[in-house]
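In this note's numbering, the protein residues as written are 47 to 394. Ideal placement from N, C-alpha and C gives every residue a C-beta, glycine not left out.
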């Protein structure tokens, strides 16, 4: 019996390894295509790193050697000369931050507030589906935020490839964003400003995946994933369990990443056959993404109300904003109704 089990386990592990290798190759090929298609569509280069290519180059070397190797790689691959501090800022994303997904713009030197280039740094670790769902939801075994939560409810909504594609296209969309991303890098960012930037990246990724990959029906599933993150992580991040030194934006993470309203609106656009969003060119797609953010992302006053909801709980927050709405309906009645709508998304 033990021999049979060990054989089954070996076959399972081998199949898992083959699938991970196939997905890594699929993503590497996708990154090549995206670099060719989007590398020069803005007035600054967009550089999409294939971490499976870069990590082995840097692994095991000293920081000084890594700076040299990464600088050489950037010149050979993209024709971009890295400053020393730029290389230092990038290196952690191929080491301790290899399992994160990020977009990182770099400014031109001096007083210029223009981008020199924008780096897309996808998740470089190939997880299985349960692990990738947990990563997307911010789950950490050291913090019991998702106690008794049935992760299989989310796992059933996506394939592993869909999650990796969405993450990749989300970060790419940050670098395609010449409205919200520059605001957050050219002046001190706010929680609400980052929410708008994340809204844009999420919506634009949804459109691009519908256009390029035929993924036309994942918007509502993605909205459920995002609402689940905010529902569970929002109160935790706002609590005293997370130090104020983590920063205001981290503390407001429940509001920052409540992207369900814009995803719902974007999914409606995909299903609106009169518009035929699937045939939009890039500029039309970016414009539509910005329009949806302008109309359907959480406005600054309602964002503040949502942050209070995570900090102080439903009862105190509703009582507070009901009082404001009664005293000054012109300013706060819409905020109170937004609060009802947003919390209904979170709680249902």
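Assignment of alpha helix (DSSP H) within the stretch 225 to 296, counting only whole runs of 4 or more residues, yields 226 to 232, 237 to 259 and 265 to 284 in chain order. A check of alpha carbon separations from residue 251 across 364, 264, 110 and 68 identifies 264 as the nearest. With respect to the 8 angstroms criterion, residue 298 and residue 353 are classified as neighbours on the basis of their beta carbons. Contact annotation, residue 247 with residue 219: C-beta distance approximately 4 angstroms; criterion of less than 8 angstroms satisfied.
The DSSP-derived three-state label of residue 136 is helix.
It is roughly 18 angstroms from the alpha-carbon of residue 76 to the alpha-carbon of residue 144. Counting C-beta atoms within 10 angstroms of its own C-beta, residue 142 has fewer than 16 neighbours from the protein chains shown and is therefore classed as exposed. For residue 77, the three-state secondary structure derived from DSSP is helix.
For residue 108, the secondary structure class from DSSP, reduced to helix, strand or coil, is coil.
In the structure shown, residue 154 falls within a coil segment according to DSSP collapsed to helix, strand and coil.
Nearest neighbour of residue 381 by Cα position, chosen from 392, 330, 306 and 346, turns out to be 346. For residue 166, the uninterrupted beta strand (DSSP E) run begins and ends at 161 to 167, by DSSP. Bounds of the beta strand (DSSP E) holding residue 93 are 92 to 94. Here residue 189 is bridged, per DSSP, to 186.
Here DSSP, grouped into helix, strand and coil, assigns residue 351 to helix. By the beta-carbon neighbour count (other beta carbons within 10 angstroms, threshold 16), residue 223 is buried. Sixteen is the threshold: when 16 or more other Cβ atoms of the shown chains lie within 10 Å of the Cβ of residue 244, as they do, the residue is buried. Judged by pairs of C-beta atoms under 8 angstroms, the stretch 377 to 391 touches the stretch 353 to 367, as three or more such pairs exist. Contact check for residue 308 and residue 249: beta-carbon distance about 5 angstroms, within the 8 angstroms limit, so the pair qualifies.
At a Cβ-Cβ threshold of 8 angstroms, residue 261 and residue 182 do not count as neighbours. Where residue 382 is concerned, the enclosing alpha helix (DSSP H) starts and stops at 375 to 393.
When 203, 132, 351 and 391 are compared, the shortest CA-CA separation from residue 268 is found for 203. Scanning its chain for C-beta atoms nearer than 8 angstroms, with the 5 sequence neighbours on each side dropped, one finds around residue 273 the residues 304, 306, 391 and 392, in chain order. In the three-state reduction of the DSSP assignment, residue 149 falls in the strand class.
By the criterion of at least three beta-carbon pairs nearer than 8 angstroms, the stretch 278 to 287 is not in contact with the stretch 333 to 341. The straight-line gap separating the alpha-carbon atoms of residue 292 and residue 236 is approximately 14 angstroms.
In this structure, residue 104 lies near residue 115, with their beta-carbon atoms less than 8 angstroms apart.
Annotated as distal: residue 241 and residue 191, with beta-carbon spacing of 8 angstroms or more.
Contact between residue 215 and residue 254 holds, since their C-beta atoms are separated by about 5 angstroms, short of 8 angstroms.
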